[in-house]
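Participant: FYI, in mature numbering (1 follows the signal peptide of the UniProt record, and there is no 0) the residues of the sequence shown are -24 to -1, 1 to 100.
Built from N, CA and C at the ideal position, the CB exists for glycine as well.
Take a look at the following structure, please.
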Amino acid sequence: MKAMLTAAIGGVLLVGAAGVSAIAQMDASQQSTMPRNPAAPSIDGRNPNGGEGMPPSLLELQAKMRNNDRQKQMVNDADKLLDLATQLKQEMDKSGKNVSPDDVARKAEEIERLAKSVKDRMKG
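Here you go:
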C-alpha cells in the first residue's frame, strides 16, 4: 500500500512538473509564431480577425493576458498539488499503519481533482 501510494504521488508530481514546463514552452512558441501584420478591414468593414472594430494589437494583447492568467492558475494549482502530495507522504511516513483510510482517500481524491484541473487547463 505504501509503495503504491508513493508511486502514485511520484506520478502526480511528475505530471504536474511536466505540465508546467510544457505550458512555458507553448507560451514561448506562441509568442514567436504570432503574425504581426497590420490587418486591413475587409470589404464589409469588419475586422478580419473576428473582433468587430477592435484593432489586431488589442486582440493579441487580450489573448496574451488570457494565456498569462491561465498559466498563473496552472502554476498555482501545481503548487497546491505538490503541497498536498507532500503532506500525504509525510502523514504516511509519520503514522505508518495508523493512518485512516478515509483521510488518505480524501487527500488522494483532492490530488486527483487538482491534477485533472491542471491537465484540462493545459489542453486549453
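With distances taken between CB atoms, is the gap from ALA54 to ILE87 smaller than 8 Å?
Facilitator: Counting from one through the sequence shown, the residue named residue 54 turns up at place 78. Counting from one through the sequence shown, the residue named residue 87 turns up at place 111. It is not a contact, given that the beta carbons lie outside the stated cut-off.
Participant: Please classify MET68: does DSSP put it in a helix, a strand, or coil?
Facilitator: Translated into positions along the sequence shown, residue 68 becomes position 92. Here MET68 sits in helix by DSSP.
Participant: Between LYS83 and LEU57, is the Cβ-Cβ spacing less than 8 Å?
Facilitator: Taking the sequence shown and counting its residues from 1, the one referred to as residue 83 is at position 107. Taking the sequence shown and counting its residues from 1, the one referred to as residue 57 is at position 81. For LYS83 and LEU57, no; Cβs fall outside 8 Å.
Participant: Assess, as a yes-or-no matter, whether the region 44 to 52 is touched by the region 89 to 100 under the definition of 3 or more beta carbon pairs within less than 8 Å.
Facilitator: Output reads yes: the region 44 to 52 touches the region 89 to 100.
Participant: Under 6 Å Cβ to Cβ from ILE(-16), same chain only, skipping five residues before and after it: list those, please.
Facilitator: In the sequence shown, the residue the question calls residue -16 occupies position 9. Only ALA61 and LYS65 meet the Cβ criterion.
Participant: Do VAL75 and GLU67 count as a contact pair if the criterion is CB distance below 8 Å?
Facilitator: Here residue 67 corresponds to residue number 91 of the sequence shown, with the count starting at 1. Here residue 75 corresponds to residue number 99 of the sequence shown, with the count starting at 1. Contact: yes.
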